[in-house]
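Before any comments, here is the structure.
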Amino acid sequence: MKEALERPYVAHVMEGRARLRHPVLADAARRAAARDLALGQPGVLEVRPGAASLLLLLRPEADFPAVCAALEAALPDLRRPVAEVVAAERAAKRALRRSRARAEVRQGSPAPLCSRDKNGRVVICGVPQRKVEVRALLGTAAVCLTAGLAGAGRLHVLAGAAWAALAVRHVWVRRKAL
3 MKEALERPYV AHVMEGRARL RHPVLADAAR RAAARDLALG QPGVLEVRPG AASLLLLLRP
63 EADFPAVCAA LEAALPDLRR PVAEVVAAER AAKRALRRSR ARAEVRQGSP APLCSRDKNG
123 RVVICGVPQR KVEVRALLGT AAVCLTAGLA GAGRLHVLAG AAWAALAVRH VWVRRKAL
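Following this line, the structure appears as structure tokens:
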């Protein structure tokens, strides 16, 4: 029983139960195949599937290491450490995102002026709307200060009015005040 616990996919084993958890079992087809195979093993009463796991209900005389060996024979990826499988999945997702980004660049389509990010928030040229507002506030404040120090009265007043309008909008929209 001790050698069964050292396998990367065995979460816990106790009297009459065993939880098998591995990213390979996240795939519904593989999980169903593992479930069917485990049900065919002697001593396995029931198999309850989870999101990326299987709960085996066992008879007291069940040979759990034999069940593990049969599962490993059918699904050799179960032998791989969990961290290695997760890292490989992340790398595959990252490569897919990069290939999609490269395909978009190759098509020659420029980035849209105004769009939405993956969370549904507005982005302007790839910059979130809130950052654009803060940068506009800082820019108008800098122009106002520079114009005031340089002696350009009309530009100073115009930039100050623009800054005041942006500040009022910021307080109204972001702080829900006024």
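In this note's numbering, the protein residues as written are 3 to 180. C-beta: ideal position from N, C-alpha, C; glycine also. Quantities reported herein were computed from a predicted structural model and do not represent experimental measurements.
With a cutoff of 8 Å on beta-carbon distance, A68 and Q43 are scored as near each other. Annotation: R32 to Y11 spans about 14 Å, alpha carbon to alpha carbon. The Cβ atoms of R61 and L77 do not sit closer than 8 Å to each other.
Per DSSP, E8 lies in no alpha helix (DSSP H) and is assigned neither H nor E.
In the three-state reduction of the DSSP assignment, P51 falls in the strand class, which pools E and B. The Cβ atoms of W165 and T142 sit closer than 8 Å to each other. In the structure shown, P67 adopts helical secondary structure according to DSSP, grouped into three states. C-alpha of A36 to C-alpha of L73: approximately 6 Å in a straight line.
The DSSP-derived three-state label of R33 is helix. When DSSP states are grouped into helix, strand and coil, C127 belongs to the coil group. Per the DSSP secondary-structure output, L59 pairs in a beta bridge with R19 and E48.
If you ignore the 5 residues before and after R50, its C-beta comes within less than 6 Å of the C-beta of L57, all in its own chain and listed in chain order. Considering only A20, R99 and V145, the residue with the shortest C-alpha distance to H158 is V145.
Closest in C-alpha terms to V15, from the list C70, G52 and L39, comes C70. Considering only L41, V26 and E63, the residue with the shortest C-alpha distance to G18 is E63.
Judged by DSSP secondary structure, R118 falls within the beta strand (DSSP E) whose first and last residues are C116 to R118. The C-alpha of L80 lies about 23 Å from the C-alpha of R96. Ranking H172, R171, V170 and T148 by CA distance to the CA of A161 puts T148 first. Burial state of V129 is exposed, judged by a 10 Å Cβ sphere holding fewer than 16 other Cβ atoms.
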